[in-house]
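Trainee:
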Amino acid sequence: MTLPHHLDRSVHIRAPRETVFRFFTDSARWASWWGAGSTIDARPGGRMLICYPGGVQAAGEVVDVLAPERLVFTYGFVGGTPIDPGSSRVTIRLTADGDGTRLSLRHEFAESSVRDEHVQGWRYQLALFGNLVANEVHAGATAMVDGWFDAWAETDGAARDRTLHRVAASGVRFRDQFGLTDGIADLLPHITAAQKFMPGMFPRRAGEIRHCQGTVLCDWRITMADGQEKAAGTNVFTLGPDGRIESVTGFWSPATHA
Numbered sequence: 001m002t003l004p005h006h007l008d009r010s011v012h013i014r015a016p017r018e019t020v021f022r023f024f025t026d027s028a029r030w031a032s033w034w035g036a037g038s039t040i041d042a043r044p045g046g047r048m049l050i051c052y053p054g055g056v057q058a059a060g061e062v063v064d065v066l067a068p069e070r071l072v073f074t075y076g077f078v079g080g081t082p083i084d085p086g087s088s089r090v091t092i093r094l095t096a097d098g099d100g101t102r103l104s105l106r107h108e109f110a111e112s113s114v115r116d117e118h119v120q121g122w123r124y125q126l127a128l129f130g131n132l133v134a135n136e137v138h139a140g141a142t143a144m145v146d147g148w149f150d151a152w153a154e155t156d157g158a159a160r161d162r163t164l165h166r167v168a169a170s171g172v173r174f175r176d177q178f179g180l181t182d183g184i185a186d187l188l189p190h191i192t193a194a195q196k197f198m199p200g201m202f203p204r205r206a207g208e209i210r211h212c213q214g215t216v217l218c219d220w221r222i223t224m225a226d227g228q229e230k231a232a233g234t235n236v237f238t239l240g241p242d243g244r245i246e247s248v249t250g251f252w253s254p255a256t257h258a
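Counting in the working numbering, the sequence shown runs from 1 upward without gaps.
#1: Would Phe197 be called buried (16 or more neighbouring beta carbons within 10 Å of its own) or exposed?
#2: Note down, in chain order, each residue of its chain lying with its Cβ closer than 7 Å to the Cβ of Asp146, except the 5 sequence neighbours on either side.
#3: Answer with yes or no whether the minimum CB distance from Met144 to chain D is below 8 Å.
#4: Closer than 7 Å by C-beta to Arg9: which residues in its own chain qualify, once you throw out the five before and the five after it? Chain order, please.
#5: What residues are listed by DSSP as bridge partners for Gln57?
#6: Nearest CA to the CA of Val78: which residue from Gly214, Val56 and Val248?
#7: Just list the residues that DSSP pairs Asp64 with in beta bridges.
#8: Is it true that the CB of Glu111 sits closer than 8 Å to the CB of His5?
#9: Quick check: the Cα distance between Pro199 and Ala169, rounded to an integer number of angstroms?
#10: Measure from the alpha carbon of Gln228 to the alpha carbon of each residue in Pro203, Pro53 and Asp156, then state which is nearest.
#11: Taking DSSP as the reference, what is the three-state secondary structure of Pro270?
#12: Roughly how many angstroms separate the alpha carbons of Gly76 and Asp64, rounded to a whole number?
#13: Mapping DSSP to helix, strand and coil, what is Ser247?
#14: So who's on the other strand from His12, going by DSSP bridges?
#15: Give me the Cα-Cα distance between Thr249 and Val90, rounded to the nearest whole angstrom.
#16: Among Arg14, Glu208, Ile50 and Trp220, which one has its Cα closest to the Cα of Ser27?
#17: Taking the beta carbon of Leu128 as the centre, do at least 16 other beta carbons fall within 10 Å, making it buried, or is it exposed?
#18: DSSP three-state label for Asp186, please.
#19: Taking just the CA atoms, how far does Ala36 sit from Glu18?
#20: Give me the DSSP bridge partner(s) of Ile222.
#21: Taking all protein chains shown into account, do 16 or more other C-beta atoms lie within 10 angstroms of the C-beta of Thr101, making it buried, or fewer, making it exposed?
#22: For Leu132, which three-state DSSP category applies?
#23: Residue range of the beta strand (DSSP E) that Arg89 falls in?
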């Protein structure tokens, strides 16, 4: 098969290679990416099926697989338009890259016009893919955020330290109108001071978090022991590949901050 034309796309995903590769070998994860009914038999000669929204289907055959580094499969449309099944080839390579994985994709075609039709499609599909992987890696994001606020309400120093080490990286960075700290060791006395000047404070998440590829937006409220609301705002959390919090930037509501 002569395939002189190709497109290339490379993206960085903050997750281990093994986690990323599972989405190419597990049919449930494959379907979560492509659409209900999509399947893959990740072994040489295994069948690949993609069910796009609207009933369009693409099919092919797995040519090569080397976990967690490489997957190669043929690709074409069941209906034959714009290309027949098996008439193009997709190669996906995964390499360790800093705090995550570099996904490099090459799709080879016989005709340049067909290649051009797929450029934006792959940009879109890999964006969906990055979000799906991040959603799996950060499935516990809400618990991490709640643990962060628990630490700010905890009056026992040892318990606060344990909570922060459970939910945050040791070098966690914190920034807001009243804080500028680097690392848990720097953050702990800052929280102690906050409790001194706002005794009995209970910071809590307000509503559901919003998550996109390791960045979390979370509204919050601070109430006092008597139930009175003292302050409100929004935090931006950055999560690491291990799911823990790496940085927090806090925005206080101008109408309520002390």
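Where is the CB? At the ideal position from N, CA and C, for every residue including glycine.
Mentor: So, to answer that:
#1: exposed
#2: Arg205
#3: Of the chains in the structure shown, none is chain D; there is only one protein chain.
#4: Leu105, Trp122, Arg123 and Leu126
#5: Cys51
#6: Val56
#7: Val72
#8: yes
#9: 27 Å
#10: Pro203
#11: The structure shown does not extend to residue 270, since the chain spans only 1 to 258, so no value can be given for it.
#12: 17 Å
#13: strand
#14: Arg102
#15: 40 Å
#16: Ile50
#17: exposed
#18: helix
#19: 23 Å
#20: Pro203 and Ala231
#21: buried
#22: helix
#23: Ser88 to Asp97
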